[in-house]
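Protein chains in written order, with this note's numbering: chain W, 1 to 381; chain H, 1 to 381; chain L, 1 to 381; chain D, 1 to 381.
All C-beta atoms, glycine included, are put in the ideal place defined by N, C-alpha and C.
Quantities reported herein were computed from a predicted structural model and do not represent experimental measurements.
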């Protein structure tokens, strides 16, 4: 990654020709439509100016019959609207539907990891493009799946090889050419965006250890009931989980090319519905702060603003300001802010995003936009 | 009830002789110890000066082995304390234990309605006293169970007959003599305490309709996971449920001797862990506000203070002040306050309690205190 | 109102000619831009396809200097977007700015009641159209202001006379012709929409009393700090307030033509950021349920669907389903659902809306749309 | 501290002689009684078996008249109880009262830092013992006050010298002899208890850096209204604050004898009323994991259990279990748990406590117990 850092900004795909030409609508299907990521996909896609939702599917085994959309997500019902009437009226069982390119140009998979791993090859074979929101195609080494995901990956290595890691701020050009985009994890997006400029420029003393302490809202854990996510167990509580073994660690290491020993990640559940705040602790490399002058907060801000100059969905806060979850909730943005103790070279990056938008559905749509030649923020801002 | 209203205050059982004599400890067992009401029972009973907890049981079918108490309720672990070492170390499966009077004087049942209905007769037969926190013995007419609880009651009519409705403020003397006390529902306690003085004195124009709009925290719905109680479904939400068919309605009607048509009750789920706020809308009887003077707020307060003069766990707010959930959370109190529009004779009563304390465990212990000749607030204030 | 009920649906203004003609942008100013309603106005207006925000103002006395928008509302910062660059960069002190029709076609006032009362006449005189979100022009009888709002209204009666009560579902045509629209209160919107069809058709036995018990999120109380709105005082709490004297009562009575004695309204504060759930208790008129057949839930639903057939922002739930705050949060919709106890003729209406959208900013924009000949849902769905 | 680590357990003061002898009640006054810490002190002190609350005072300048206790803290009203009648009925203005040893044996100061700094010398001079919950006597070097607290400390150095840092787990014997105890900060308590055993035994590689990322409920910020603590600003939010400059840092460094450069502390505000969860990131010293065997999680647990063997209010979780805020909320306990990545020697300590109990009022009472020869957990468990 370090070698590609400077190239990032020049890889911009061609922007959308604008709304004047009324390009044909992208036909999109959503699988996993009953969960929170699925709901968020529908929410944004249905008001996207260049998308028509054609199929909604759910992978839950129990569902042998279609569920009216209004039952699954009562808040999504629209009385009327330009294309509301075209919204699918129900969520169909995934097993009963054979999606083809006759009815969709792209499929968003908000399905469980193993389900995605099984579904993707056949979807690609049928000529569909795919953005997979699960972790099934995030890791390049198939041998990592048993350890981190608990299953042997069923897909052929070339399919995994082909998958592009869908972090537009780092892989814009490759995403634009991809058939299969693997949407990053919510925590991974927060951590990678916080560290990529520093790592790319060699500003961080990696061997001193990097700590990422993340706080997430409960929607990140999905909609399936469990005692751990029971209201009275989450409310008025805060808990750490997944210490030293969270699934997003390997994709963060892979994206930043970091050795496992240098990076510690601890997620926490906080009692909010949505949003992640990641506090990332680093030590600047001695070389960065040599001589008379040490790096200033202003220089850190400049580094990040330069790095993300072509990234419309990353906002870098002014010196002295730190992002909060409310800055980003219900928005597609990823916000970054900094605190620096120059004397000891300790730099703290605070990274905030909405786990369901920039951490899931929004980023998936950002990827879709790139795949179809649209401006990446189309339908999101 | 109207005829017994004035007698209530004189029915006080003899108070505890005080702590000087160090009476023998009451040996108590708790069945249903894994749920929230069970946890609350343990919390209060273990610091009760006259109780020793001897057995903890759970009725969950899946549990074939004892669960360490520390796993079920990590917060309950005490490092040390006068009688902490005597706390049972684990929660045993109910089916595997045959409780006898050799090991317990009283059993608290925080078990499902049907489980309680089956358990109580045999517990009584073995010489144990019982406080049942389920609804299994609240209704006097067995024919009401299919409609309101969805099962045919298996107990013999005399057992149901024998059960005393455990609202100490109304039935103090009978509770003191009881073998079996049926602990009121949390909503029912809030509603009945708000209305009992008015109904007893004939101040309310019942035919004008009484509306009780109640707001409850999520612990009232129990600990079993479900989508309805999933954190992100309750947080930042408020919903009405059980309209015209909530189980606490018949016990409220029975306690107040009200016809069903005159009383409307709607519970709502609000995103707090514990507490109920019930707003009760009534119209005063014309006879109460005849002549030159109409009833004043001060007279309403006086009516309630007189009625509850012997009730240490009912607090009547000063005129102009209205109880809030935070006034009562984590306390054994039931708080009452009032607003009066004298011109239109509309009186609103605001009733607050903690659904797990005065609405469940605290009231159960209050009942136990009366059953064993202790001051009813012992171990609670 | 009863006599106009059936006319409502035919009063529809002409719809917008569509987006084809690219009508000139409506230039809008927002006064009171620092508060929650102001923020919500900016949020929706900046993505409205036919609006350009030209001025942001704040009425806070302390503010002698402009506040960067990014400081007041960090989450509103957009990195880029079609017209983002035109967003005012700061919020200016209201006192220092003399708005004229050279820079705005319409002013949204999210200012305190008294400030609005003073500002409106001069704004109208300068040729601006106004949507006032305060209560300053909601009541037709100026004599009501001292009682309900605590001040003597400074405006001339003709201005108050001219103001149109901005509930589009009832006054669509008049709004379309108005210079001054008085945006309804959030609670009032929820209550009136729940009752208007019933009152219009004479289905409700008003003399039996109507109770509206409403639960609101904290943003409805504004952004000014106070102990009552301190986090730890609202969280894990629920409280009733404004009993028999809430300011929204007179506008509800006025809109529905109800006598004060027949309507009881009690608002409650629940620990959510946004949303109102109003539970409205009525008794159906005997005439409605005469003869062999009583009114059915389906007939109630049909009544409401017919009444709101031309109202794109009112959603009537299917029988058996009741709106929740999450159905409407962050949306411009008002949702209605019903429970009926046919035997006793008791009908409960559950009415939900987002107090900042349909209860404030969204409705204000809906009104603006009508005033400028656009489809009322433009920029909202 | 390292040298005293092993001595800690032997310094236990003599236990209370038990309740048999009915020792004279300790007469206690609380200054700062209107805030959350003050309320918590009253809550616990009024049910403490050996305490009588004699005076309640408030330092707020505006208060020229006594405030009824019931107004300041409606939930604290008790209908009756053994010594309830002795509870002061109101909170008096601090400036108007000259406390003397005739009416109190001990004063708890929950007053602002500067107020405490001014009050303590005269209280000591009048023969009162003091537990100060502010930061005014936590730092030994008076020169630190301008930097960390923003004021020049007015007290004479000997008074500051005399103050004992009131962390009973480390300074039990000195507290037992103290006239003036300086109650630790809430965050400081969580951090120091998490690190003391490791530092004392030299297990931590301090130069590798220690990161303490803490999450706190809003009551820790006090009861004074501010926009930052407004409900809708805290709810559904999470924010970091005080980076590199929080006041609790110097007392942590002082207590653990750590150089500033080795310790990074970042507090966060999470939307809960009470509780702190601190996640502490360390690297074990190479010497600890030498040879064939590395340190195991079990050995870490044993280290902590040994260190806190005499500390009844510290609970060390079993391997594999991590404390949560709900484990400790409303309790006097401090809970500790661990995760270890033996290969990289990274040890994470999770430390939880209730900021108002072990982090404030509970610890203050624990200190009082020691000062008066009672078992330290008396009245708390």
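Within its own chain, the residues whose Cβ lies closer than 7 Å to the Cβ of residue 297 of chain L, once the five positions on either side in sequence are excluded, are 319, 338, 340, listed in chain order. DSSP places residue 231 of chain H within a helical segment (H, G or I) once states are collapsed to three.
For residue 341 of chain D, the enclosing beta strand (DSSP E) covers residues 334-341. Non-local C-beta neighbours of residue 274 of chain L in its own chain, meaning closer than 7 Å and more than five positions away in sequence, comprise 217, 219, 329, 354, 355, 356, ordered along the chain. Assignment of residue 263 of chain L by DSSP, reduced to helix, strand and coil, places it in the strand class. Annotation: residue 283 of chain D has no Cβ neighbours in chain H at a cutoff of 9 Å; minimum Cβ distance is about 28 Å. The Cβ neighbour count for residue 72 of chain W, taken over all protein chains shown within 10 Å, is at least 16; the residue is labelled buried. Chain-order list of chain D residues neighbouring residue 75 of chain H: 326, 327, 328, 331, by C-beta distance under 7 Å. Shown here, residue 102 of chain W sits in coil according to DSSP, grouped into three states, outside any helix or strand. If you draw a straight line from the Cα of residue 192 of chain H to the Cα of residue 184 of chain D, it is about 46 Å long. Scanning D/254, D/315, D/294 for the CA closest to the CA of residue 304 of chain D turns up D/315. The Cβ atoms of residue 40 of chain L and residue 360 of chain L sit closer than 8 Å to each other. Between residue 279 of chain H and residue 210 of chain H, the gap from beta carbon to beta carbon reaches 8 Å or more.
DSSP places residue 36 of chain D in the uninterrupted alpha helix (DSSP H) bounded by 36-45. About 4 Å separates the CB atoms of residue 127 of chain W and residue 101 of chain W; that is less than 8 Å, so the two are in contact. The Cβ atoms of residue 377 of chain H and residue 312 of chain H lie closer than 8 Å to each other. A distance of 8 Å or more separates the beta carbons of residue 107 of chain L and residue 208 of chain L. Excluding five sequence positions before and after residue 271 of chain L, the CB atoms of its chain that fall closer than 6 Å to its own CB belong to 234, 235, given in chain order. Residue state for residue 357 of chain H is assigned as helix, using DSSP reduced to three classes. Contacts with chain W at 8 Å (Cβ-Cβ) include residue 348 of chain D. Contact between the stretch 174-184 of chain D and the stretch 226-233 of chain D is absent: fewer than 3 CB-CB pairs across the two stretches fall below 8 Å.
Among the residues of the stretch 217-230 of chain L, those with a Cβ less than 7 Å away from any Cβ of chain D are 218, 219, 223, 225, 226, 227, 229, 230, in the order of the chain. Closest option to residue 206 of chain H, judged by alpha-carbon separation, among H/263, H/49, H/165: H/263.
Chain W has a Cβ within less than 8 Å of the Cβ of residue 381 of chain L. If you ignore the 5 residues before and after residue 139 of chain L, its C-beta comes within less than 6 Å of the C-beta of 250, all in its own chain and listed in chain order.
Residue contact check for residue 236 of chain W against chain D: a CB pair falls below 8 Å. Burial of residue 55 of chain W is indicated by the presence of at least 16 other C-beta atoms within 10 angstroms of its C-beta. Distances from the alpha-carbon of residue 331 of chain H to those of D/37, D/365, D/47, D/34 put D/47 closest.
Judged by DSSP in its simplified three-state form, residue 64 of chain L adopts coil rather than helix or strand.
Listed by position along chain D, the residues whose Cβ is nearer than 7 Å to that of residue 146 of chain L form an empty set, because the closest Cβ is around 28 Å away.
Using a CB distance cut-off of 8 Å, residue 239 of chain L does not count as an interface residue toward chain W.
Chain H has no Cβ within less than 8 Å of the Cβ of residue 33 of chain D. Rounded to the nearest angstrom, the gap between the Cα atoms of residue 349 of chain W and residue 336 of chain W is 7 Å. Leaving aside the five residues that flank residue 179 of chain L on each side, the residues in its chain whose CB is nearer than 8 Å to its CB run, in chain order, 124, 129, 130, 162. Among the bridge pairs identified by DSSP, residue 213 of chain W is matched with W/266, W/279.
Shown here, residue 121 of chain L sits in a helix according to DSSP, grouped into three states.
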